[in-house]
Amino acid sequence: MKRYGKGGLFLFVLMILLVGSGSVSAGIANTKHNFSASGTGAIKATSEQEICVFCHFPHNANPAEPLWNHSLSGETYTPYSSTTLFAAAPGQPSGRSKLCLSCHDGTIAVGSVRHMPRGGGGGTIAGLENPLTGQFVLGTDLSDDHPVSVTYDTGNSELVPVATLEVNGIKLDENGQIQCGSCHDPHSDVYPKFLRKPFSEGGEGAVLCRTCHDKQYWSTVANLPHRDSLNQWNGSGNNPWHVPGHDLANDPASTPKANSCENCHRPHSGSNTRLVKDFGEGYGVSQICLACHNLNVASKKDIAASLNKIYAHPVLDTASGGLHSPERMGDGKVREQPAHLGANRHAQCVDCHNPHAVSAGVSPDIDDAGGTNNLASNVLKGVWGVEPVWPGNWGQVISFTEVDDIQYQYQLCLKCHSYYAFGTNPPLDPWGQMRGDGRLTDQAIEFNPNNESYHPVVAPGKNDFIMTTINGVLDYSGSLVGNLTPGSTMTCADCHSDDAYTGIVGSSVPKGPHGSDEWPVLSAPWGSNTGSPNTSDHLCFKCHDDTTYGAGSQSTGQSGFSENGTYNLHFVHGGVFNRPCMQCHSAVPHGWKRRALLVFGRTFNPDPAPYNNNGPNDGLDSRIDIGGPEKSGNWKCCNCHYYVPGGWGNCTSTED
């Protein structure tokens, strides 16, 4: 029987391995994992010609499979963690991931082996005395890397069934865990970075990512700009898709469709926030959104400019940048719970927009066909919100139903601007302009459709714009602007939006409450002078005709506040005495416990701020509650004014 020395035996076994593995070594020979002197990469041995020995040895190898020869690291790693991870949080790397890390954590020399080639003990192969450096090194902090040594949890509805993985070329280990080798084939670089799948979209890992991840909406919603857009960087400023040290092309030809998943995510060295790319601005996950949503990308809205206005949602507030912490609930859905608000109150782009579902299209404007409505628009697709359980008139809303995919825009806004988020302790107005105790109001109370009056955000308003008086029936619905009707509904964004928004197609100014130079994030001015002269461009008159309700009104204008239907009393107050809207109507015009948003302010039972503006002439001074069934065309002066002998109009007695 022929005998072999240790070196000969190694070569013999190696030949068997080569034949049995489909010429694995031949495949490795042309990759960067060929560390032998014949290797084509920059990292290679001085003279050693063996290829497999840097990782494998046929006898007395490390017990770790498969016949492992490279020295293993003794480092303790910081594993990936996330509040939205459905599976149990990963611990220390195990299995074959630990083998990969014996080089890729950057702590051990590339040539450090358990057995030197052709026999002998451990040592370091000449030319490879240094550890890996640069972009090849993951380090010992794996919190910004895709989790490994973690069970592929089929209970997560956003992962494909495990049975389809093997068919599609993805390998789980014998324990059903994801390891480095699930995505990378260390013996083949047919696809760059030794990936097991191509990336035909252009972004590395795009096809690979979607082999496991079936994100809700991503494959089912048509015309997703984050998936399909061909918008390009215009060459100004920084390329939104390029990160220094990463290898996506730093050129204008890069598009969202080309980069796919890697528009936003980086499986290695991204960030510890759901592997979102880290651009280092410090204001949280929104930094990845604003890398694109500015004028450096053709045909995009300049949302960054809106967020830099005087009054804005605090997306750019670095103090709250790390506060966004959604959780994956037991039903598999991802939500940010009220417990994360209070001291952790914040606003990030993903609180209002689902990046895997959002598509172009905002809520209609008043001049659009059909006027406005209160439906959630395409840009809000797939975001969660709350539906209140409505009590009676002006009641505290304490019960809410969580809605996974909002139908109405108010369901989104109320998850932050109501009892659901802050209980009975609303936060302070961040700009310090709210009257009274300076706190924001509970908008679920205000928009309750059981209130006596409200703007039609939740339901059509109670005012039918029809008045029956002693002089006949008055239809004053013509006092509504554009295509609005008494049955119209509206969204919060019809009032709260960038003050430069025009609705003109192609404009870079976005609709929505990102930011405005008008307090509080309003699309037009609203204040204690609105309704007096030279305020026709103020907020109220975007919907209510100024020539009927404002200082420019006429005595014959058809108004809901009329004397026997023939004399416009708005003309008297606004056109003659130059009184502003909030002298009589709530200074927070969302909704109110009294009809027509009317507030009491003087003499008897004054209403509190901020609803009563609390100026010397603000609020009605009547003793009569104007919540009765009669229309204002049949009111007497005493419905609004306290009796003063010889005083106003027909208020000649103390009748109440």
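Taking my numbering, I'd label the letters of the sequence shown as residues 471 to 1126.
Ideal Cβ placement from N, Cα and C applies to all residues, glycine included.
Source: prediction; values computed, not measured.
Quick one: any contact between the region 605-625 and the region 552-572, if contact means 3 or more CB pairs under 8 Å?
-> yes
What residue range is occupied by the uninterrupted alpha helix (DSSP H) comprising L678?
-> Looking at the DSSP string, the run of the alpha helix (DSSP H) that includes L678 is 676-682.
Sequence-distant residues of the same chain with beta carbon closer than 6 Å to P956, five excluded per side = D934, F935, S947
Flag this pair as touching only if the region 820-836 and the region 686-696 have three or more C-beta atom pairs under 8 Å; answer yes or no.
-> yes
Beta-carbon proximity list for S491, same chain, < 6 Å, skipping 5 on both sides | With a pLDDT of 41 at S491, under the threshold of 50, the predicted position of this residue should be treated as unreliable, and no value is reported.
Delimiting residues of the beta strand (DSSP E) encompassing T871 | 870-873
Name the residue from C573, R566, T546, T743 whose alpha carbon lies nearest to the alpha carbon of S552.
-> Of the candidates C573, R566, T546, T743, the one whose C-alpha sits nearest the C-alpha of S552 is T743.
Would D968 pass as a contact of V951 if the rule is Cβ separation under 7 Å?
-> no
Outcome for H529 when other beta-carbon atoms lying within 10 angstroms are tallied against a minimum of 16 = With fewer than 16 other Cβ atoms within 10 Å, it is exposed.
Measure the CB-CB distance between L786 and Y753 and report whether it falls below 7 Å.
-> yes
Hey, how far is the Cα of E628 from the Cα of P796?
-> 16 Å
Determine the burial state of N918: buried for a count of at least 16 other Cβ atoms within 10 Å of its Cβ, exposed for fewer.
-> Within a 10 Å sphere around the beta-carbon of N918 sit 16 or more other beta-carbons, which makes this residue buried.
If we ignore side chains and look at the alpha-carbon of each, how far apart do I876 and P858 end up?
-> 13 Å
Is there contact here, the region 746-762 with the region 959-974, by at least three beta-carbon pairs under 8 Å?
-> no
Would you give the residue range spanned by the alpha helix (DSSP H) that G855 belongs to?
-> Unbroken run through G855 is the beta strand (DSSP E), 855-858; no alpha helix (DSSP H).
Helix, strand or coil: how does DSSP classify G581 here?
-> coil
DSSP-derived helix/strand/coil call for I758 | helix
Classify Q605 as buried or exposed, calling it buried when 16 or more other Cβ atoms lie within 10 Å of its own Cβ.
-> Residue environment for Q605: exposed (fewer than 16 other C-beta atoms within 10 angstroms of its C-beta).
Cβ-Cβ separation, N701 to P726 (assumed contact under 8 Å), whole Å | 7 Å
Own chain, CB closer than 7 Å to A761, minus 5 neighbours either side, in chain order = P710, F749
How many whole angstroms separate the CB atoms of F1011 and S1023, which I take to be in contact at a CB cut-off of 8 Å?
-> Not a contact, Cβ separation roughly 11 Å.
Between which two residues does the alpha helix (DSSP H) harbouring D698 extend?
-> 695-698
Could you check the C-alpha separation between F664 and H654 for me, to the nearest Å?
-> 5 Å
Helix or strand or just coil, what does DSSP make of F524?
-> helix
Closer than 8 Å by C-beta to N600: which residues in its own chain qualify, once you throw out the five before and the five after it? Chain order, please.
-> A579, V580
Consult DSSP for Q818 and reduce its assignment to one of helix, strand or coil.
-> In the structure shown, the three-state DSSP call for Q818 is coil.
Got a sec? Which residues, its chain only, sit under 6 Å from A929 by beta carbon, not counting five neighbours each side?
-> P919
What runs of the alpha helix (DSSP H), each 4 residues or longer, lie entirely inside the region 878-921?
-> With a minimum length of 4 residues, the continuous alpha helix (DSSP H) runs that stay inside the region 878-921 are 879-883, 889-892, 913-916.
State the beta-bridge partners of Q647 as determined by DSSP.
-> T621
Note down, one range per segment and in chain order, each beta strand (DSSP E) of at least 3 residues found wholly within the region 989-1018.
-> none
Can you tell me where the beta strand (DSSP E) with L944 in it begins and where it stops?
-> 942-945
Are the beta-carbon atoms belonging to R736 and Q649 less than 7 Å from one another?
-> no
DSSP on V849, reduced to helix/strand/coil?
-> Under the three-state reduction of DSSP output, V849 falls in the helix class.
What residues match up with G692 in a beta bridge as DSSP calls it?
-> Correcting the residue identity first, residue 692 is Ala in this sequence and not Gly. Partner(s): none; A692 has no beta bridge.
Consult DSSP for N504 and reduce its assignment to one of helix, strand or coil.
-> coil
What do you get for P1080, buried or exposed, if any count of 16 or more other CB atoms within 10 angstroms of its CB means buried?
-> Here P1080 is buried, its C-beta having at least 16 other C-beta atoms within 10 Å.
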